[in-house]
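Asks: Encoded as structure tokens, here's the structure I'll be asking about.
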Amino acid sequence: MSRGEHRAATAPAGATALCAPVAVTVDGTTAGAVIDGHTVATAIAVWGTPYVPTLLHPHRAETPNTLPISVVAEQMQRHGLAVDVDVICEGRRTARDNYAELYQTFLGGRPAAGQRSTTLLVRLDTRAADTVSGLLWRRDSVSAALAATCRIARALNQAGCRAQVLTGAQIREATLASLGGRDGLTANYRDQWTRLYTGKGYVTSYFFSPADVAAATLDDVWSYPADHTTLIVALRRAHSAVCASAMVRFRTVQPLASSPALILNRLTGRQWDALAQTLPGRARLRLPSAPLGADLDRAVVIGSSGVLLGKFKDAMFLMPLSDPAAPTRIALRVDNDKAVRQLIRRAAAVGEQVAVYDASGHWTMTAGSARIWTSRDPNAQPPRPPTVVVHNGRTNPYPGARTSVAVGGTDIGTSDILIEQVKDRIHLQTHRFQTRLDAITFRNEESYLR
Numbered sequence: 068m069s070r071g072e073h074r075a076a077t078a079p080a081g082a083t084a085l086c087a088p089v090a091v092t093v094d095g096t097t098a099g100a101v102i103d104g105h106t107v108a109t110a111i112a113v114w115g116t117p118y119v120p121t122l123l124h125p126h127r128a129e130t131p132n133t134l135p136i137s138v139v140a141e142q143m144q145r146h147g148l149a150v151d152v153d154v155i156c157e158g159r160r161t162a163r164d165n166y167a168e169l170y171q172t173f174l175g176g177r178p179a180a181g182q183r184s185t186t187l188l189v190r191l192d193t194r195a196a197d198t199v200s201g202l203l204w205r206r207d208s209v210s211a212a213l214a215a216t217c218r219i220a221r222a223l224n225q226a227g228c229r230a231q232v233l234t235g236a237q238i239r240e241a242t243l244a245s246l247g248g249r250d251g252l253t254a255n256y257r258d259q260w261t262r263l264y265t266g267k268g269y270v271t272s273y274f275f276s277p278a279d280v281a282a283a284t285l286d287d288v289w290s291y292p293a294d295h296t297t298l299i300v301a302l303r304r305a306h307s308a309v310c311a312s313a314m315v316r317f318r319t320v321q322p323l324a325s326s327p328a329l330i331l332n333r334l335t336g337r338q339w340d341a342l343a344q345t346l347p348g349r350a351r352l353r354l355p356s357a358p359l360g361a362d363l364d365r366a367v368v369i370g371s372s373g374v375l376l377g378k379f380k381d382a383m384f385l386m387p388l389s390d391p392a393a394p395t396r397i398a399l400r401v402d403n404d405k406a407v408r409q410l411i412r413r414a415a416a417v418g419e420q421v422a423v424y425d426a427s428g429h430w431t432m433t434a435g436s437a438r439i440w441t442s443r444d445p446n447a448q449p450p451r452p453p454t455v456v457v458h459n460g461r462t463n464p465y466p467g468a469r470t471s472v473a474v475g476g477t478d479i480g481t482s483d484i485l486i487e488q489v490k491d492r493i494h495l496q497t498h499r500f501q502t503r504l505d506a507i508t509f510r511n512e513e514s515y516l517r
């Protein structure tokens, strides 16, 4: 990953190389660590609770599956091992095809993410005054950093928010995801002062004023149109307290002529820093901050908003169809094949790669999609690994997919999610809750379901 200045004739070129993570095992836990000078960086994947719905009301989104940032903050200055933490939340609203554009238009200006992940980047500075005493009791700085990281992960799990310390390979994958994919790492960035140009598109970063570092404003970044969004909430030690700042980074095909919202402040002249200093390593971005408040416990939504399944009162009801921690089994019982085709389309629209094994041809649609592969042959293999496989329920032709949808499948006893639809009424059940929904369609959707 390299940068060329916007005035290459007069300014030197710069480059940032990712430090390779090393493997370390402490107290039976094996993890990855990035060593950059006197800083050790580790990472935690945050998974939260599986299959938690999001309700999209006319002017707001509602979900209980959020990161308890106060729990993280409480562990940042314990036992003489003080750390800084970046909460990195990356994802995208929808995929890019004609149906996905209709789907996104129907969601309107409501915050939702079809694909989203949350990672905590933990940095321990061995030269900081508030880490010296803790280092005296540790074998080395890497084991000290891992101890502090495990403490945060353990506290989150005890608070009911699933979290896991990452290995070196997983740190690299999380870093790639925060950049919008592998292209974000290999791109030759050209600094254009108010944005970065990658050769294929633009990366533009904005920061929030301290007064705007709040749940409602941070969640709104998922309502802005972009090919990829990365929200970063930086938690920094301030004497005996913790302060929070926030920034957001958008990847777009066309340059953003103006800020997507008035509260966003463009990082003019600091666009390269806003990218490079949020990667694992010793460099860290310093932004205007405010003391951490309880409101931020609702600011960072964990995981995908999910797929539009129906309507609940005045709200659209979305729910993830997968769990990053384990495979997902879905039983789908419907009285009309159109409902199956609709679920396939919507899953692809939010970014899933869908393989459909359809011996009868009832779920095959005329309008194609690069994200949907269909075959009548149960022995056929899709050209790329699917994330969702749809089949007739008797056997799963692709058991490696993270989500299996068995049409006509068994009850909730052998499934994680049960969806039953009769006409316009939907019964949804998981092992944690059950509810009834009204079926919902949007303008011009019907033409993609034939």
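One rule links them: number in the numbering used here = place in the sequence shown (from 1) + 67. Glycine residues also receive a C-beta, built at the ideal position from the N, C-alpha and C atoms.
1. With DSSP run on the structure shown, which of helix, strand or coil describes Gly158?
2. Quick check on Asn403: does DSSP put it in helix, strand or coil?
3. Can you give, in chain order, each stretch of the alpha helix (DSSP H) that sits fully within the stretch 297-355 and has at least 4 residues?
4. Would you be able to state if there are at least three C-beta pairs under 8 Å between the stretch 358-371 and the stretch 492-511?
5. Going by the CB atoms, is the gap between Leu334 and Ser272 shorter than 7 Å?
6. Is Thr106 buried or exposed, if buried means 16 or more other CB atoms sit within 10 Å of its CB?
7. Check the C-beta distance from Ala310 over to Arg318 and give it rounded, since I have them as a contact under 8 Å.
8. Where in the stretch 119-165 do unbroken runs of the alpha helix (DSSP H), each at least 4 residues long, occur, reported from the N-terminal end onward?
9. Determine the DSSP secondary structure at Tyr269, reduced to helix, strand or coil.
10. What are the boundary residues of the beta strand (DSSP E) that includes Asn255?
11. Looking only at its own chain, which residues have a Cβ that is under 8 Å from the Cβ of Thr77, when we skip the five neighbours before and after it?
12. Who are Asp505's beta bridge partners in DSSP?
13. In angstroms with no decimal places, state the Cα-to-Cα distance between Asp94 and Glu512.
14. So the candidates are Ser427, Asp250, His295, Glu419; which of them puts its Cα closest to the Cα of Arg557?
15. What are the start and end residues of the beta strand (DSSP E) that includes Arg205?
16. Just tell me which of Arg229, Gly428, Ala434, Ala393 has its CA closest to the CA of Val139.
17. Measuring straight from C-alpha to C-alpha, what distance separates Gly475 and Arg443?
18. In this structure, how does DSSP classify Leu246 when only helix, strand and coil are distinguished?
19. In the DSSP assignment, find the unbroken beta strand (DSSP E) run with Leu187 in it and report its ends.
20. Buried or exposed: Phe379, going by 16 or more other Cβ atoms within 10 Å of its Cβ?
21. Mapping the DSSP letters down to three states, classify Gly370 as helix, strand or coil.
22. Applying the criterion that 16 or more other CB atoms from any shown protein chain within 10 Å of the CB defines a buried residue, is Tyr515 buried or exposed?
23. For Thr216 and Val189, what's the separation of their Cα atoms in angstroms?
24. Output needed for Val374: all residues of its chain with C-beta closer than 6 Å, excluding positions within five of it in sequence on either side, in chain order.
25. Buried or exposed, going by whether 16 or more other CB atoms sit within 10 Å of the CB of Val320?
26. What number of angstroms, rounded off, separates the C-alpha of Ala398 from the C-alpha of Ala112?
27. Which residue comes first and which comes last in the alpha helix (DSSP H) that contains Thr284?
28. Quick one, which of Leu342, Thr433, Thr92 has its alpha-carbon nearest Val232's?
29. Which one of Gly467, Thr454, Gln344, Asp279 has the shortest CA to CA distance from Pro362?
30. Verify whether the separation of the beta carbon atoms of Leu485 and Ile493 is less than 7 Å.
31. Evaluate Ala87 with the Cβ neighbour count: other Cβ atoms within 10 Å of its Cβ, from every protein chain shown; 16 or more gives buried, anything less gives exposed.
32. Go through its chain and collect everything with a Cβ distance to Ala167's Cβ below 7 Å, but skip five positions before and after it.
33. With H, G and I counted as helix, E and B as strand and the rest as coil, what does DSSP make of Pro453?
34. Which residues mark the beginning and the end of the beta strand (DSSP E) in which Ala90 is found?
35. How is the beta strand (DSSP E) around Ile439 delimited, first residue to last?
36. Does the stretch 144-158 come into contact with the stretch 255-272, if we say contact requires no fewer than three beta-carbon pairs (one atom in each stretch) closer than 8 Å?
Replies: Reading off the structure:
1. strand
2. coil
3. 338-343
4. no
5. Taking 7 Å as the Cβ cut-off, Ser272 and Leu334 qualify as a contacting pair.
6. When all chains shown are included, Thr106 counts as buried.
7. The amino acid occupying residue 310 in the given sequence is Cys; Ala does not appear at that position. That pair is no contact at about 28 Å.
8. 136-141
9. strand
10. 255-258
11. Note that Thr77 scores a pLDDT of 28, beneath 50, so its modelled location is shaky; the value from the coordinates is reported in the next line. So no residue of the chain qualifies.
12. Lys378, Arg492
13. Rounded to whole angstroms, Asp94 to Glu512 spans 54 Å at the Cα level.
14. This structure does not reach residue 557, given that the chain is present from 68 up to 517, and the question cannot be answered.
15. No beta strand (DSSP E) holds Arg205; DSSP gives it neither H nor E.
16. Arg229
17. Straight-line Cα distance between these residues: approximately 17 Å.
18. The answer is coil: DSSP assigns Leu246 none of H, G, I, E or B.
19. 182-192
20. buried
21. coil
22. buried
23. 7 Å
24. Leu388, Arg413, Ala414, Val417
25. Label assigned to Val320: exposed.
26. Those two C-alpha atoms are separated by around 28 Å.
27. 282-286
28. Thr92
29. One detail in the question is off: residue 362 reads as Asp in this sequence, not Pro. The option with the nearest alpha carbon to Asp362 is Asp279.
30. no
31. exposed
32. Thr161, Ala416
33. coil
34. 89-93
35. 439-442
36. no
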